[in-house]
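Under our numbering, the residue at position 91 of the sequence shown is numbered 1497, and the numbers go up by one with no gaps.
All residues carry an ideal CB built from backbone N, CA and C; glycine is no exception.
Every value quoted in this text rests on a predicted model; they were computed, and no experiment measured them.
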Amino acid sequence: METVLDIIFNALFGVVVPFLFVIMVVVFFHELGHFWVARRCGVRVETFSIGFGHTLYSWMDSKGTSWKICLWPLGGYVKFYGDEDAASSPDNEKLKELTEDDQKDVFHFKPLWQRSAVVAAGPIANFVLAILIYACLFTFVGKQISLPIVDTIRENSAAERAGFIPGDLILSIDGSPVESFNDVARTVSVNPDRDLVFVVERSGMEVELVARPELVEDVDNFGNRYRLGRLGITSRPDQTRVSKVYYDPITAIGKGVSETTFIITQTFRSLGGIISGRESADALGGPVKIAQISGQMASLGWVAVFNWIALISVSIGLINLFPIPMLDGGHLLFYSYEAVIGKPMPEKVQEYGMRAGLAFVIMLFVFVTWNDVSKISLFN
């Protein structure tokens, strides 16, 4: 029987520590993107913070930037000289008092293209991090390849209705080449109730089949319930069909780009399904779900953890590009207006936009957190 200390220890090192590691890596690279490009554009950076709230540890670098690790590590920010807050809102009163020489170091006085580059650099850094993680895994860990050969077909399944037969070698899905049976399973799982065009090799000839994976609910080894598409085929785990492939660094980077692109595409497809009502908003997760899965990935080993970091990094990058004030995409939206009209958006409009964006972000945070908490057995 577990004692209170056992429960606390397991919660701390089985969930909290992996969660903090994942979040801090992703946030650090996001903010590092802003920081690195800002420095290259001659912007004076006052603060580089991982987390919010009370400062736990800080130090000052040679260029006057205060680096901080704060109590609540659910985000971070880079504060530039002339900013009023962590959201990079301009301190208009302070900006009016600056001399022409001081203005050279201020983000808000930089050319539009430099401001846009600094803002976009955070999400781009998240995508780069994911690509590098995948590239390193493909180079040093390798990828297990299981030939995509159909062995059995479930009765009354989507595969049977589409005309699959045992022995079919799947070559591509919707025009994308298939390398492994795992590629087939992954593509099918994220495309329920959607027609997919399969090209298979059968008796030396290429045959085109159209199948619509069924939407089913499943439970993983950790008890998490999730919905996915199912085709209804299996492949025999024969050692003659399974191999591990290691890629050279250049090819691995290309594979990393493909993996990252796949995540982005499927994320937009899922969001489109939620907005249109075809998919449930229950699939949306927040910090609680990230913490839970981080612990589960840690129990599977470091390869699983870094795969999870890559996925979260892409997700954070995408979220920050949404055209919502308070997020990077909101700033880029304001800059787009400035580029088209020839002058900045009125201060009052930006101010109200920031307030609306903050309200939306808070409501979304509350929704996804409740979504996560309500799935915990204590609340069911």
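query                                                                                                                               : result
As assigned by DSSP and simplified to three states, the class of Lys1469                                                            : coil
Cβ neighbours of Val1443 in the same chain (closer than 6 angstroms, five flanking residues each side left out)                     : Ala1523, Val1524, Ala1527
Residues near Arg1608 by beta carbon distance below 8 angstroms, same chain, minus five either side                                 : Ile1571, Gly1573, Asp1574, Leu1575
Nearest residue (CA-CA) to Arg1567, options Asp1589, Gly1610, Glu1620, Asn1713                                                      : Glu1620
Enclosing beta strand (DSSP E) for Lys1502 [first to last residue]                                                                  : Where Lys1502 is concerned, there is no enclosing beta strand (DSSP E), although the alpha helix (DSSP H) it sits in stretches over 1498 to 1503.
Burial state of Met1732 (16 or more Cβ within 10 Å)                                                                                 : buried
Collapsed DSSP secondary structure at Cys1476 in the structure displayed                                                            : strand
Buried or exposed by the 16-neighbour rule on C-beta atoms within 10 Å, applied to Asp1734                                          : buried
Gly1581 versus Lys1650 - alpha carbon distance                                                                                      : 24 angstroms
Member of Leu1418, Asp1557, Phe1712, Asn1726 whose CA lies at the smallest distance from the CA of Ala1531                          : Asn1726
Helix, strand or coil at Asp1580 according to DSSP, with G and I counted as helix                                                   : coil
Cβ-based neighbour list, Glu1744, same chain, cut-off 8 angstroms, excluding 5 preceding and 5 following                            : Leu1518, Pro1750, Met1751
Cβ-based neighbour list, Ile1656, same chain, cut-off 8 angstroms, excluding 5 preceding and 5 following                            : none
Between the CA atoms of Leu1462 and Leu1770 - distance to the nearest angstrom                                                      : 28 angstroms
Extent of the continuous alpha helix (DSSP H) to which Leu1706 belongs                                                              : 1693 to 1706
Pairwise C-alpha distance: Ser1719 and Phe1533                                                                                      : 7 angstroms
For Val1449, three-class secondary structure by DSSP                                                                                : coil
Outcome for Phe1546 when other beta-carbon atoms lying within 10 angstroms are tallied against a minimum of 16                      : exposed
Cut-off 8 angstroms between Cβ atoms - residues of its own chain near Asp1599, not counting five sequence neighbours on either side : Arg1618, Pro1619, Glu1620, Leu1621, Gly1635, Arg1684
Test item: CB-CB of Ile1539 and Ala1704 under 9 angstroms                                                                           : no
Three-state secondary structure assigned by DSSP to Tyr1483                                                                         : strand
Of the listed residues Leu1543, Asp1589, Arg1521, nearest to Leu1553 (C-alpha basis)                                                : Asp1589
Continuous beta strand (DSSP E) stretch holding Tyr1632: start and end                                                              : 1631 to 1636
6 angstroms CB neighbourhood of Ser1783 in its chain, flanking five on each side removed                                            : With a pLDDT of 45 at Ser1783, under the threshold of 50, the modelled position of this residue cannot be trusted; read the value that follows with caution. Counting only Cβ-Cβ distances below 6 angstroms, and skipping sequence neighbours, we find nothing.
Complete alpha helix (DSSP H) runs within the stretch 1488 to 1568 (minimum length 4 residues, chain order)                         : 1498 to 1503, 1506 to 1509, 1518 to 1542, 1564 to 1568
Opposing strand residues paired with Met1624 [DSSP bridges]                                                                         : Inspection of the sequence shows that residue 1624 is occupied by Asp rather than by Met. The partner list for Asp1624 (beta bridge, DSSP) reads Tyr1632.
Which residues DSSP lists as bridging Lys1749, in chain order                                                                       : Answer by DSSP bridge pairing: none, since Lys1749 is not bridged.
Neighbour-count burial assignment, Phe1740, 16 or more Cβ in a 10 Å radius                                                          : buried
Inter-residue spacing [alpha-carbon to alpha-carbon] between Glu1809 and Asp1644                                                    : Residue 1809 lies beyond the stretch modelled for the chain, which goes from 1407 to 1786, so this question has no answer here.
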